[in-house]
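Shown next, in structure tokens, is the structure this report addresses.
Protein chains: 2
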Amino acid sequence: MKKDSNLVWHPQCVSKEERSKIKNQKPCILWFTGLSGSGKSTIANEVELILNQRGYHTYLLDGDNIRLGLNSGLGFSDEDRVENIRRIGEVSKLFVDSGLIVLTAFISPFMKDRERVKCLVNSDEFIEIFVDTPLSVCEARDTKGLYTKARAGEIVNFTGVSSIYEEPIDAHIVVKTEANSVEEVANKIVEYLELKGYLDA
Amino acid sequence: MKKDSNLVWHPQCVSKEERSKIKNQKPCILWFTGLSGSGKSTIANEVELILNQRGYHTYLLDGDNIRLGLNSGLGFSDEDRVENIRRIGEVSKLFVDSGLIVLTAFISPFMKDRERVKCLVNSDEFIEIFVDTPLSVCEARDTKGLYTKARAGEIVNFTGVSSIYEEPIDAHIVVKTEANSVEEVANKIVEYLELKGYLDA
């Protein structure tokens, strides 16, 4: 990493607390992780909808969306995946600093990368949500037809097929999408936020 | 740029309008551009302070700050400067999408780069503010001692000394910091936002 000794942190006049106090919420990152097709985006969308309808200020960073913009130059090699998650972590940190509850829905297969994001913010500002859907179920769903392509060798470095997924061992919330509906899972997450004091703070 | 044909835009349930309607503001980018030492960060901070005190939701992206995080791997070559501004533009777009008024304070010396950012958002969501402080004044201030270092050849590619600055030709707002105080300049910018319907929208 190139560093420049002429860089200094510019003190900002408006603090995170001042930005979020008009919102009655405690900013944080809801970091969804899980296999492709596990239901991360669907659940994150539902959680965001519930929070927005209740007047909280949220933003959703989505794997597909961010790769078309900020990370459009990155591919799917291990190296690019690391940089992909690093940038998303840094952007999430900015959103937390701006006072928002930010939801991120990325496979984020490597434990070390998720740990690195966790270290960017205060310990109570990072909530890891493991969408624990078995590979067999994700593959049977194959919503985007990606598993078929990966098995046929048309996609390389595909998580679960030709690239590793490291399961979280101490996620704050673990959700199962086989036995529960999207609404049930989303409500469980919102209840966690209420219980832990993130809402009506 | 590597692209992946398997990427699709994931429709998001909560829209920009829904995110910002609880705020009575029209989200936009206030893009400050000007030489090092021209006063960009100082003015942007003052504008943010005024807006925050009046209950608007803002966020400030600052050159020094973002280079320590998201863009920590980038240097100051022309190529890295282009990528620096590209990423800041993409992040600004995300903040506008989240409903905020985002202020950015970067030298952003190249017209083409600023134009590219402008094209990322709707035409009324990008407000270019030229902090028109002459080089001689910036160099006399030399707040961070960078001009001295640049003249001594200790910093390469320094805008105004060894790298070009392309002045905006149709900035929405042009401010002069020699004849006016920070407060006067900041108030002028806030008045522009009021007049154009960005506040109490």
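Chains Y and P, in that order, are what the protein sequence lines are.
Throughout the first sequence, residue numbering follows the working numbering, covering 1 to 201 in sequence.
Throughout the second sequence, residue numbering follows the working numbering, covering 1001 to 1201 in sequence.
Quick reminder that beta carbons are idealized off the backbone N, C-alpha and C, glycines included.
Where V96/Y sits in the DSSP three-state scheme: Working through the first sequence from its first residue, we reach residue 96/Y at position 96. Residue state, collapsed to three classes: helix.
CA nearest to the CA of L30/Y, picked from V47/Y, G55/Y, P134/Y: As a working note, residue 30/Y is residue 30 in the first sequence. Residue V47/Y is the option with its Cα nearest to L30/Y.
Host beta strand (DSSP E) of E1184/P (start-end): On the second sequence, residue 1184/P is found 184 positions in, with the first residue counted as 1. No beta strand (DSSP E) contains E1184/P, which is instead part of the alpha helix (DSSP H) from 1182-1195.
Opposing strand residues paired with I101/Y [DSSP bridges]: Position 101 of the first sequence holds residue 101/Y. Paired residues: C28/Y, T58/Y.
Residues that Y165/Y contacts on chain P, provided the C-beta gap is smaller than 7 Å: Residue 165/Y sits at position 165 when you count from the first residue of the first sequence. What Y165/Y touches in chain P: nothing, since even the nearest Cβ is about 18 Å away.
Any C-beta of chain P under 7 Å from that of L70/Y: Taking the first sequence and counting its residues from 1, one reaches residue 70/Y at position 70. Yes, L70/Y lies at the interface with chain P (some Cβ there is under 7 Å from its Cβ).
Buried/exposed call for F53/Y, threshold 16 Cβ in 10 Å: Here the question's residue 53/Y lines up with position 53 in the first sequence. In the sequence as presented, Phe is not what sits at residue 53/Y; that position holds Gln. Label assigned to Q53/Y: exposed.
Alpha carbon of D202/Y to alpha carbon of E125/Y, nearest angstrom: Since the first residue of chain Y shown is 1 and the last is 201, residue 202/Y is not available in this structure.
Minimum Cβ-Cβ distance from Y59/Y to chain P less than 7 Å: Taking the first sequence and counting its residues from 1, one reaches residue 59/Y at position 59. Chain P, which has a Cβ nearer than 7 Å to the Cβ of Y59/Y, makes this yes.
Residues that DSSP places opposite S130/Y in a beta bridge: Within the first sequence, residue 130/Y is the residue found at index 130, counting from 1. It is worth fixing the name first, because residue 130/Y is Phe in this sequence and not Ser. BP columns for F130/Y point to T33/Y, V174/Y.
Start and end residues, alpha helix (DSSP H) containing Y147/Y: Position 147 of the first sequence, counting from 1, holds the residue named residue 147/Y. Secondary structure note for Y147/Y: its alpha helix (DSSP H) is the uninterrupted segment 146-151.
Interface flag, K1016/P vs chain Y, CB-CB below 7 Å: Along the second sequence, read from residue 1 onward, the residue named residue 1016/P stands at position 16. No, because no Cβ of chain Y sits closer than 7 Å to the Cβ of K1016/P.
Any C-beta of chain Y under 7 Å from that of N1052/P: Along the second sequence, read from residue 1 onward, the residue named residue 1052/P stands at position 52. Yes, contact with chain Y.
Chain Y within 7 Å of S1098/P, Cβ atoms only: Counting from one through the second sequence, the residue named residue 1098/P turns up at place 98. Answer yes: the Cβ-Cβ gap between S1098/P and chain Y drops below 7 Å somewhere.
Beta carbon proximity, V1121/P to chain Y, threshold 7 Å: Here residue 1121/P is taken as the residue at index 121 of the second sequence, counted from 1. Chain Y contact via Cβ: absent.
Simplified DSSP assignment, three categories, for L1199/P: Against the second sequence, residue 1199/P aligns to sequence position 199. Strand, per DSSP.
Alpha-carbon to alpha-carbon, D80/Y and N122/Y: By 1-based counting over the first sequence, the position of residue 122/Y is 122. By 1-based counting over the first sequence, the position of residue 80/Y is 80. Rounded to whole angstroms, N122/Y to D80/Y spans 26 Å at the Cα level.
Nearest-angstrom Cα separation, counted from T1033/P out to G153/Y: Numbered from 1 along the first sequence, position 153 holds the residue referred to as residue 153/Y. Numbered from 1 along the second sequence, position 33 holds the residue referred to as residue 1033/P. Our two residues, G153/Y and T1033/P, have alpha carbons roughly 48 Å apart in a direct line.
Pair within 7 Å by beta-carbon distance, V1175/P and V1137/P: For this step, residue 1175/P is matched to residue 175 along the second sequence. For this step, residue 1137/P is matched to residue 137 along the second sequence. Not in contact: V1175/P and V1137/P (Cβ atoms no closer than 7 Å).
T1143/P in three-state terms, based on DSSP: Locating residue 1143/P in the second sequence gives position 143, where the first residue counts as 1. Residue state, collapsed to three classes: coil.
Proximal chain Y residues relative to R1087/P, where beta-carbon distance stays under 7 Å: Counted from its first residue, the second sequence places residue 1087/P at position 87. One finds L70 in chain Y with Cβ atoms closer than 7 Å to the Cβ of R1087/P, taken in chain order.
Buried versus exposed call for G1160/P [16 or more other C-beta atoms within 10 Å across all chains shown]: Reading the second sequence from its first residue, position 160 is the one you call residue 1160/P. Buried: at least 16 other Cβ atoms inside 10 Å.
Exposed unless 16 or more other CB atoms sit within 10 angstroms - verdict on D78/Y: On the first sequence, residue 78/Y is found 78 positions in, with the first residue counted as 1. Label assigned to D78/Y: exposed.
Which listed residue (N1045/P, H1172/P, E1083/P, S1092/P) has its alpha carbon closest to that of K1112/P: Within the second sequence, numbered from 1, the residue matching residue 1112/P stands at position 112. Among N1045/P, H1172/P, E1083/P, S1092/P, the Cα nearest to that of K1112/P belongs to E1083/P.
For S1163/P, three-class secondary structure by DSSP: Locating residue 1163/P in the second sequence gives position 163, where the first residue counts as 1. S1163/P falls in the strand class under three-state DSSP.
CB contact flag (G1099/P, V1117/P, <7 Å): One-based indexing of the second sequence puts residue 1099/P at position 99. One-based indexing of the second sequence puts residue 1117/P at position 117. In terms of Cβ geometry, G1099/P and V1117/P do not form a close pair [threshold 7 Å].
Closest by C-alpha distance to N1071/P, when choosing among I169/Y, L60/Y, R86/Y: Translated into positions along the second sequence, residue 1071/P becomes position 71. For N1071/P, the nearest C-alpha among the options comes from R86/Y.
Cross-chain neighbours of V91/Y in chain P, by beta carbon under 8 Å: On the first sequence, position 91 is the one that residue 91/Y refers to. Those are L1070, V1091, L1094, listed as they occur along chain P.
Boundaries of the alpha helix (DSSP H) in which L49/Y is found, first to last residue: Position 49 of the first sequence holds residue 49/Y. Counting along the chain, the alpha helix (DSSP H) containing L49/Y begins and ends at 40-53.
Of the listed residues K1026/P, S1092/P, P1134/P, nearest to C1119/P (C-alpha basis): Position 119 of the second sequence holds residue 1119/P. Of the candidates K1026/P, S1092/P, P1134/P, the one whose C-alpha sits nearest the C-alpha of C1119/P is S1092/P.
Outcome for A1140/P when other beta-carbon atoms lying within 10 angstroms are tallied against a minimum of 16: The residue labelled residue 1140/P in the question sits at position 140 within the second sequence. With fewer than 16 other Cβ atoms within 10 Å, it is exposed.
Proximity below 7 Å, CB of L60/Y to CB of A44/Y: The sequence position of residue 60/Y within the first sequence is 60, counting from 1. The sequence position of residue 44/Y within the first sequence is 44, counting from 1. For the 7 Å CB-CB criterion, L60/Y and A44/Y form a contact.
Neighbouring residues, chain Y, relative to L1193/P (Cβ below 9 Å): Position 193 of the second sequence, counted from the start, is the residue given in the question as residue 1193/P. Per Cβ cutoff of 9 Å: no residues; L1193/P is ~16 Å from chain Y at best.
Beta-carbon spacing of S1036/P, I1107/P below 7 Å: Locating residue 1036/P in the second sequence gives position 36, where the first residue counts as 1. Locating residue 1107/P in the second sequence gives position 107, where the first residue counts as 1. Yes, these two residues count as a Cβ contact at 7 Å.
Rounded C-alpha distance that separates G1075/P from G1145/P: Counting from one through the second sequence, the residue named residue 1075/P turns up at place 75. Counting from one through the second sequence, the residue named residue 1145/P turns up at place 145. Approximately 19 Å between the Cα atoms of the pair.
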